[in-house]
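Protein chains: 4
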Amino acid sequence: MSKKEKKAWSGRFTQTTRPVVERFNASLGFDRRLYRQDIRGSVVHAIMLGRQGIIPEKDAKRIAGGLKRIEGEIDRGEFRFDIADEDIHMAVERRLKEIIGPVGGRLHTARSRNDQVATSFRLFIRDAIDELTGKIRKLQSALFAKAREHLDTIAPAYTHMQMAQPIRLAHWFLAHFTALDRDVERLGDARKRVNVLPLGSAALAGTNFPIDRDWVARELGFDSVSKNSIDAVGDRDFAAEFLFDVAMTGVHLSRFAEELIIFSTSEFGVIDLPDAFCTGSSIMPQKKNPDVPELVRGKTGRLIGHLVSMLVVMKGLPLAYNKDLQEDKEPVFDAFDQLSISLEALAELTPELKADVKKLAGRAEDGFMTAVDVADRLTMMGTPFRESHAIVGKLVRACIEKGVGFSGMTAKELGAIDPRLVKVKPGGITPQKSADGKDTEGGTARRRIVQRLKEIEKEIKKWR
Amino acid sequence: MSKKEKKAWSGRFTQTTRPVVERFNASLGFDRRLYRQDIRGSVVHAIMLGRQGIIPEKDAKRIAGGLKRIEGEIDRGEFRFDIADEDIHMAVERRLKEIIGPVGGRLHTARSRNDQVATSFRLFIRDAIDELTGKIRKLQSALFAKAREHLDTIAPAYTHMQMAQPIRLAHWFLAHFTALDRDVERLGDARKRVNVLPLGSAALAGTNFPIDRDWVARELGFDSVSKNSIDAVGDRDFAAEFLFDVAMTGVHLSRFAEELIIFSTSEFGVIDLPDAFCTGSSIMPQKKNPDVPELVRGKTGRLIGHLVSMLVVMKGLPLAYNKDLQEDKEPVFDAFDQLSISLEALAELTPELKADVKKLAGRAEDGFMTAVDVADRLTMMGTPFRESHAIVGKLVRACIEKGVGFSGMTAKELGAIDPRLVKVKPGGITPQKSADGKDTEGGTARRRIVQRLKEIEKEIKKWR
Amino acid sequence: MSKKEKKAWSGRFTQTTRPVVERFNASLGFDRRLYRQDIRGSVVHAIMLGRQGIIPEKDAKRIAGGLKRIEGEIDRGEFRFDIADEDIHMAVERRLKEIIGPVGGRLHTARSRNDQVATSFRLFIRDAIDELTGKIRKLQSALFAKAREHLDTIAPAYTHMQMAQPIRLAHWFLAHFTALDRDVERLGDARKRVNVLPLGSAALAGTNFPIDRDWVARELGFDSVSKNSIDAVGDRDFAAEFLFDVAMTGVHLSRFAEELIIFSTSEFGVIDLPDAFCTGSSIMPQKKNPDVPELVRGKTGRLIGHLVSMLVVMKGLPLAYNKDLQEDKEPVFDAFDQLSISLEALAELTPELKADVKKLAGRAEDGFMTAVDVADRLTMMGTPFRESHAIVGKLVRACIEKGVGFSGMTAKELGAIDPRLVKVKPGGITPQKSADGKDTEGGTARRRIVQRLKEIEKEIKKWR
Amino acid sequence: MSKKEKKAWSGRFTQTTRPVVERFNASLGFDRRLYRQDIRGSVVHAIMLGRQGIIPEKDAKRIAGGLKRIEGEIDRGEFRFDIADEDIHMAVERRLKEIIGPVGGRLHTARSRNDQVATSFRLFIRDAIDELTGKIRKLQSALFAKAREHLDTIAPAYTHMQMAQPIRLAHWFLAHFTALDRDVERLGDARKRVNVLPLGSAALAGTNFPIDRDWVARELGFDSVSKNSIDAVGDRDFAAEFLFDVAMTGVHLSRFAEELIIFSTSEFGVIDLPDAFCTGSSIMPQKKNPDVPELVRGKTGRLIGHLVSMLVVMKGLPLAYNKDLQEDKEPVFDAFDQLSISLEALAELTPELKADVKKLAGRAEDGFMTAVDVADRLTMMGTPFRESHAIVGKLVRACIEKGVGFSGMTAKELGAIDPRLVKVKPGGITPQKSADGKDTEGGTARRRIVQRLKEIEKEIKKWR
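Residue numbers (my numbering), protein chains in the order written: chain A, 2 to 465; chain B, 2 to 465; chain C, 2 to 465; chain D, 2 to 465.
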């Protein structure tokens, strides 16, 4: 049998495929990763064909049996991949015919590679969403545990990387937790659009056979069936949306990573990353480098790049299937892998972060971080806030000039700036008092954080 | 009063801002577009401050009155913008104090620009989502009307831009309709995450005042209040997600545009774009150029670019507010504008598209587009599909060699290829029969399209 | 020997690396591709160390010998890669010490992984530029041959995908040729910035040893040595610039691909892609799909995505080495591979393109494509061009109404539109005359194309 | 005169343009910015037409005179822009005819908007390159001056944001200087490809008139004329390349900005940004925020986004002009503006940066930053470097355990780790000695920096 004869579609062709084209076209090198999804879909398709009397039921059974055997072969690494098969779908069908003979040729009834590929790919992304959701939850659990541990750690919080206001460190851990909550929600929304069955759209027009799409959908766990066959075979929105959600999560991790890197410099020195998550230098024996957060931050580039790839592929593409769409898989596979391992690494790292509680508390005393509180007290005494703000601005300037904090100002000095300051006693507002003053929903007061921790604890129970 | 004194935050500063810095920092040039949202938020904030007794109720009323007067001034173009105000928020507050005096300084009690900006921006994007949704719906309505008009137009459908199978043209219009349905759904999902009130988070820690966030949320139409103040002031996920949704919709429009451009070439010649949507050439008097779809396609670049901008801005940014975030608005404004006008232009163009029904029908006869149907009939007679496919491949080759279509083959010639072909009578399968054979959900059979049109008709009623 | 002891940098560490971290950090999976470059650099470095008396010359020789042996082992697939080695550089050094003993530990004198990695990576990209240049030249040669073949093929040219003016088809092939010329030039410019030796910068400050950087640069073919050690170890501009150049070339290929796809539709039907470059359909036996150009077009997304990745990685990164930079290699490797194979496929495809010369000539008669020529003749007779343009506009409209071309208008009809038209005789301007009228540099006149072909022929000789 | 009649291309059209299309198509809102370039090109074109006898010389003079008058009108803000003019080119031509009558209609002889737009746009980008080059040079001058000022400031340098080795602070300023050198070089390379005259390509085929392209090129300062008219009207590589160069420079600025932000935190506290370059908080009176570097960093997103936009617009576009290309200008204009002001702001900021020389020197004593030097000394004594590295690793660990620096270890303790350490005397290596040991090209030794400063001083003279 000549090589050419092996192509399932070669009937009308008078030339064999050029080697460079074979190499160029073949997606087998990466789409073999879809073998479980492909086989899952094909088994259900075959059984449906049998149930509907489209092919003999015994043939359907033989096909299903053959497919399961192939799955085992691939699982065990015994399957021989051949680039001439083009893709995993053809590879599986070729092997099927080797195993069960020409009856294997009945499998491709009432479907096309166009709807078959879309089905496998949706199954993959659905699984990927579920797996990533689990991994985000694991990182969130670690952040939650840390928040609980640091309920009573007072720390400076930053805007513009300048010390801003005292907070409870728990609040910072929960800030990252909160961002990740949105990621899970967003993936869940994407899942609805992923989980629509395209099988039955065939090449683009639907099929001549009396298939049962609803049954197939139910068996494969799809929520619904696609409503327009042209759209269904050319739609890759679900992949782009998945890639956006992954990139967005990656951006969140990069923000956490950036803070870990900065907070663990010797200059900040408030977070210690365990040795087991750092590496050394090939030349500088004293170095301990925060590799994990740096890589997490760096990988954001890749995730954004993959999203761009997918959108560019789709831009200006006519409807239905075009070969350009073969470029959809690698970005999705790699984005999934990179986010997975980033989440795993951070989920293992987070429990071992050591915060220097004492240094944080000391830092929270610096930098006039209770200035807002002073201004707010003036305001509570009836001063319009803008005026209060101006008064405290002058107070800060006076302190800097004198080289002291608020508590270093005498009543006389305070009075010279503004008589109302004497009553406010700026020096008496401790960071903890400041934090606990922020007693509205979402604020950093102890009471609010305790309440939020309780809420989360309840939610976490639902995750399992 | 020196210029310096005008800065609300200048208390502790010893130098005045450099002109280049003023020019560089100022966002007033673009964020003035948020004035309605800013004022809406401030009015509700002020009233709440009064209700809670944080500021005197009469002051709250004067503030609200002043703000409404300012809105009118801006509406009427009477407001004097001054770059030294930095941004729209400061500009409004400055003017408020001009109008109602120092009591205007009470407005900024219990809030910070950080939560104020986030609130205005969320209101803007919420409005943008609603407006875009309406515009997508309008384009969908036009597509729906066209689908109805072309229920009985038989046309070739393409994969790889090669003629593939006969369809009803309605099916093609509905394919684009279906993609846009996902866009509306996606925007709706994003809206949930946009519609969370950040006000009350103040600078990043929450506020010392007993504000009523739930009341503010209700008054401003927010679904809920943010749960972590650090996260709330630095979160711009909602902008990124909006930009993704806009880019995705833009990609859909670019696909529609590409097809319009190709289908209206003289070579295809099956779609005619009305003169009113084309322009001519400055040099070639005979030209009629499809400017509208070309621009729609081109603008996709810009929409993807804006999404990238936003993600890059956020990458590696520490939590809470950093000035980098000022770069969030222009991409959102421009993406909204560009998608809006693209949708409007296509919604006006679509009803006027003329499809050349006769040419389409003729085209649908060409190209062996019923080959699948021939193969399927063989399969229905018991031949495994792969074998049927191979037989039809040979048939196509024989026809090409003879220079005829299926109907140009004699029974003898058919029999020579495969005896089963004689019974199938390939020449007898008309494009319409082919289309109507695709009678499963999502297929192009008349019955299925009629049913889908009915469904959509019902849905459309709910849109209003 | 415990696993931990294997890390070259582990002296100060008290914990061993976590498995997930090892997996996360390791770049060996992809940077092994740099083994030749790494070894080339190390051999020269070692010899230089010997020449300068920094290490004993006999040790240098043993090191060089060991390295060459390792290169052979990797070439032959005999080298055992171990993820615990982290990267190719450590893997080679580890093996070196296995082969020649502790003296292998002298190799890392006066260098750091920071400058070593940068050196290997620059060598790789230099090689990649040279290889891609060769491949672009090959495609250009094919385009040139086609241009020569189609010197006398008259064809319609398009703007806005609408027929615009008659050209010689050679001109179209040379248009693509010209764009590729810029790509070669751009890669050549990038090469200058790639070809700067960073070795000797060590970790970031330079080295304590009296190394001879100029000698190393000469031996490795670098044009110069880097001038600032901090910059040298953190600079990845050369990778970003390479990725831009690759993406730009990819965009050019996508434009060529788009035209091939459209021109080979049955509707256009003027270009035939050979069977050997197409594939069929799994369901539609009649299909012949232009997979190669579609994939080329699709891969543009990936190339643009890789460029974005790299820029995002570098955005906001402090100077010198940060682990984020490990993300630099995969985009470069993949961009190189994808562009390489795209160029190869197109270089093989181009010679086999069949243009339907007759159909093109016929098409060139249609569509009033000589309208500019009519207007120009009016202008040459003294009519201001704008007026000429308007007159021809009316002529075109009249022809459309009558359903004829220019030659279908009687003198009387012409005179009724404008008396000057009678003299111009619009119907007499053949497409060939039209083309040959464009006789200025860059124009499509035969004389100009012949001249351009000669120029290129001369240039091509210099390529070899 | 009806509105429709105003369109220069409307001859063959039977419908007037829809308002939404007019609004959608019009580029006048942004391309008016090209008026000087458009007029410059048109004046030279008209004079050439006269010189070549294509139009009467006196008409050419009237046209040139009219154009200059229009330039003055626009300069002075007296020109009335009307969206119905579509773009700046049509607006100028319309006004020309108002001023000099129908003879103005002769200007568009032998050209098309396609080559006219490309010419104006290239002139704009050429000017932009020159202006940006000047601005980069200004920032470099400021960095150079700072480097000179801090020749003898010893400071810690970082890899992975962890203290790595002592350097002279001049070296750090020069690192940023060096990166910018590449940007200037890259822009210069792009300029060659920008500076090619497309005028004379007309619509896409060249022109029927005997124009003198070389003369036009010389008059407009172009280096050469384009060699293929189809390529010339559809080529926007020069815009994409410009956008890449701008984005790359932006990435460099973002890296400088990131370091300024981190170094000016209170925790690092080694760089002070002057008040005039910071802003305060609307709520926190003590805040002084590094707005300028933050905005510079943020704007990188926008620059990368613009590059993406341009590449996406061009992806898959057929050759020659397509309306999509109208999307080329706004990203270029905005990228130019944003990079310009970022450069200006940093060039004004840099001279005023205050480095805390004392704190830096103290910091440079910390952190075992001379560890490499200790290892190098061991190596110079004959120990293989890897072994030296391991010994110093143990030394560092011992110091950490004892809570001292190298100088806190007794000879006995040193000997216990390794006898060779006693001779090396790790505690005696001062940061300055360490820095000055790095005495190879590109190293941080005083001698090398002095030499580099001299080289740069010479180069700077050539800039003017």
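Positions of the beta carbon are idealized from the N, C-alpha and C atoms, including for glycine.
Per the DSSP calculation, residue i is bridged to which residue(s)?
i, result
"THR160 (chain D)", "D:GLN163"
"LYS355 (chain C)", "C:ASP273"
"VAL155 (chain A)", "The sequence shown places Ile at residue 155 (chain A), rather than the Val named in the question. Its beta-bridge partners are A:ARG169."
"ASN290 (chain D)", "D:THR280"
Assign residue i to one of two classes, buried (16 or more other C-beta atoms within 10 Å of its C-beta) or exposed (fewer than that).
i, result
"ARG127 (chain D)", "buried"
"THR15 (chain A)", "exposed"
"GLY207 (chain D)", "buried"
"GLY102 (chain D)", "exposed"
"LYS4 (chain D)", "Low confidence applies here, because LYS4 (chain D) scores a pLDDT of 42, under 50, leaving its location unreliable; read the following figure in that light. Flag for LYS4 (chain D) reads exposed."
"TRP464 (chain C)", "exposed"
"MET410 (chain B)", "buried"
"ASP131 (chain D)", "exposed"
DSSP three-state call for residue i: helix, strand or coil?
i, result
"ARG378 (chain C)", "helix"
"ILE231 (chain C)", "helix"
"LEU221 (chain A)", "helix"
"ASP197 (chain A)", "First, the amino acid is wrong: residue 197 (chain A) is Val here, not Asp. Here VAL197 (chain A) sits in strand by DSSP."
"VAL226 (chain A)", "strand"
"VAL405 (chain A)", "coil"
"GLN16 (chain A)", "coil"
"ARG453 (chain D)", "helix"
"LEU53 (chain D)", "A small fix is needed here, since residue 53 (chain D) is Gln in this sequence, not Leu. Of the three classes helix, strand and coil, the one that applies to GLN53 (chain D) here is coil, per DSSP."
Tell me whether the beta-carbon of residue i lies closer than 8 Å to the beta-carbon of residue j.
i, j, result
"PHE267 (chain A)", "LYS300 (chain A)", "A small correction: the amino acid at residue 267 (chain A) is Ser; Phe does not occupy that position in the sequence shown. No, these two residues do not count as a Cβ contact at 8 Å."
"GLN1 (chain B)", "ALA372 (chain C)", "A question about residue 1 (chain B) goes unanswered here, because the residues of chain B that appear run from 2 up to 465."
"ARG448 (chain D)", "ASP440 (chain D)", "yes"
"ASP39 (chain B)", "SER113 (chain B)", "no"
"LEU296 (chain D)", "ASP190 (chain B)", "no"
Kindly list the residues whose CB is nearer than 7 Å to the CB of residue i, restricted to its own chain and excluding five residues on each side of it in sequence; keep chain order.
i, result
"LEU312 (chain D)", "ALA241"
"MET49 (chain B)", "ILE212, ASP213, TRP216, VAL217"
"ARG34 (chain B)", "PHE334"
"GLY170 (chain D)", "Gly is not the amino acid found at residue 170 (chain D); the sequence shown has Leu there. If we look at LEU170 (chain D) and ignore the five residues flanking it on each side, its Cβ neighbours are HIS151, THR154, ALA156, ALA356, LEU361."
Looking only at its own chain, which residues have a Cβ that is under 6 Å from the Cβ of residue i, when we skip the five neighbours before and after it?
i, result
"PHE369 (chain A)", "VAL397"
Between residue i and the rest of its own chain, which residues show a CB-CB distance below 8 Å, the 5 nearest in sequence each way excluded?
i, result
"HIS253 (chain A)", "HIS177, ALA180, LEU181, ASP184"
"GLY429 (chain A)", "SER408"
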